[in-house]
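Counting with mature numbering (1 follows the signal peptide of the UniProt record, and there is no 0), you get residues -26 to -1, 1 to 317 for the letters of the sequence shown. So the structure is just underneath, and the comments pick up after that.
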Amino acid sequence: MSLKPKIALLSVFVSAGLLVAPAAQAVDNTTAETTVDGRTVDPRPSTAKLAFELHKLALLSHGKIRVDKIGRSNEGRPVWAARVGHGKTRIQYVTQQHGDEPLGTPAALEFLRQVGVGHSPWAQKLLSKVTVDIVVRANPDGNEHDWRYNYDPDATPEYGEKGKGYDINRYHDPSVAPKDNPATEAGLIQRRNASFKPDIMVDYHMQGRYQDANGKEITASTLWPTNAGVKPSDVDFAKQIAVVVQRSIDGNGGYVSQYPGGDYQGIARNGYGLLGNGSVLIELSLIPEREQQQIQDALASMLAIARSAADGSVRKVDPAAADAIPPRGPALPGTTEEAHEAA
């Protein structure tokens, strides 16, 4: 399709109300040390802009990127998923379960742009080996309210906050059916995971600012399933993925630690590990002056996971190397950390 028909088709979407172009937003790039492909990426696209960008990428990909609305939030906002590739190995990425932890979402858009738009030989080979499904911004209401939870003011949750909503990333217990899940958006992720049946599932979050034992700042953390019910072979596979994550982010200029997460079965990395997924958490640190680089680091991890799954190299990683990932240390002096764990 030539550029003119693509633009015309986008105009049809906008006119029909399927896409709503967002109001112009000023992007502060005064602290952007590193950009993605020379562009300053919007770190917090609006609900409307996210929909617009996803559908634009689908059009520019000539159908390689398939965008689906997998349901709606409690306030009626669409929850989007995008799928690309047709290979046997299946990978699922989930971004922004917590509404105030946004940077995995623009990284997902950049991943789709790099692998789905254009005809580079490496991308074509990659997409012949893997299929990647992304739940892009799992919690649109939390994003809109700029808080951790979904929106459910009538909730009296075991995990969450009364009068606000549920902590979505505590409601992935495999023993609870999606139709019975009180956290609406968690149920949508459960359904998508069950229908897609991924080999690998990676959940993107954000944390505060931390340092290691020597005072060096951590830029990201990762962890595998820690619930005792997860099969040892599935834990080992997740550890292999975590090592790929560490090497990709460290190689991109970051510094990855182990995340000190819990073993509750409702946490996504544990719940999907119990289902046999190679299930991994990635936490990007909230470093305002490094925001563009944080997006690039998340993108690097997405690409590395997909590539290592495509060529089989992830299975050759020594899982014991994950245990050597340095532990996350105390909060960076002068920062305030919330008293909860995002994993």
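Note that CB positions come from ideal geometry on N, CA and C, so glycine has one too. Quantities reported herein were computed from a predicted structural model and do not represent experimental measurements.
Between the CA atoms of residue j and residue i - distance to the nearest angstrom
i	j	result
residue 71	residue 78	10 Å
residue 268	residue 285	26 Å
residue 6	residue 242	The predicted model places residue 6 with a pLDDT of 35, which falls under 50 and marks its position as unreliable; any figure quoted below should be read in that light. In a straight line, the C-alpha of residue 6 is about 31 Å away from that of residue 242.
residue 95	residue 73	36 Å
residue 100	residue 289	17 Å
residue 69	residue 35	21 Å
residue -6	residue 276	Low local confidence applies: a pLDDT of 38 at residue -6 is under 50, so the model's placement there is unreliable, with the coordinate-based value given in what follows. Looking at the two C-alpha atoms, the distance is approximately 27 Å.
residue 172	residue 283	12 Å
residue 309	residue 33	43 Å
residue 42	residue 110	10 Å
residue 305	residue 170	38 Å
residue 59	residue 67	14 Å
residue 291	residue 16	34 Å
residue 296	residue 213	6 Å
residue 56	residue 274	18 Å
residue 12	residue 287	30 Å
residue 121	residue 113	10 Å
residue 293	residue 129	40 Å
residue 165	residue 272	25 Å
residue 237	residue 76	24 Å
residue 31	residue 152	30 Å
Beta-carbon proximity of residue i to residue j, cut-off 9 Å
i	j	result
residue 266	residue 14	yes
residue 303	residue 184	yes
residue 299	residue 176	no
residue 245	residue 154	no
residue 131	residue 80	no
residue 181	residue 133	no
residue 301	residue 186	yes
residue 157	residue 257	no
residue 280	residue 178	no
residue 119	residue 136	no
residue 117	residue 196	no
residue 240	residue 150	yes
Residue environment, residue i, which counts as buried when at least 16 other CB atoms sit within 10 Å
i	result
residue 190	exposed
residue 188	exposed
residue 98	exposed
residue 126	buried
residue 208	buried
residue 62	exposed
residue 262	exposed
residue 278	buried
residue 115	buried
residue 29	buried
residue 264	buried
residue 4	In this predicted model, residue 4 has a pLDDT of only 31, less than 50, meaning its place in the structure is not dependable; the value taken from the coordinates is given anyway. Under this definition residue 4 is an exposed residue.
Cβ separation of residue i and residue j, assumed to be a contact under 8 Å, to the nearest whole Å
i	j	result
residue 174	residue 227	Not a contact, Cβ separation roughly 24 Å.
residue 47	residue 124	7 Å
residue 235	residue 249	In fact, because the Cβ distance is near 18 Å, the residues do not count as touching under 8 Å.
residue 259	residue 192	6 Å
residue 219	residue 230	7 Å
residue 39	residue 90	4 Å
residue 247	residue 307	Between residue 307 and residue 247 the Cβ distance is about 35 Å, and since that is not below 8 Å, they are no contact.
Stretch pair the segment 101 to 119 + the segment 184 to 204: three plus CB contacts closer than 8 Å: no
Flag this pair as touching only if the segment 139 to 154 and the segment 206 to 223 have three or more C-beta atom pairs under 8 Å; answer yes or no. no
Please determine if the segment 25 to 35 and the segment 52 to 59 are in contact, where contact requires at least 3 C-beta pairs separated by less than 8 Å. yes
Check whether the segment 151 to 168 touches the segment 80 to 94, taking contact to mean three or more Cβ pairs, one atom from each stretch, closer than 8 Å. no
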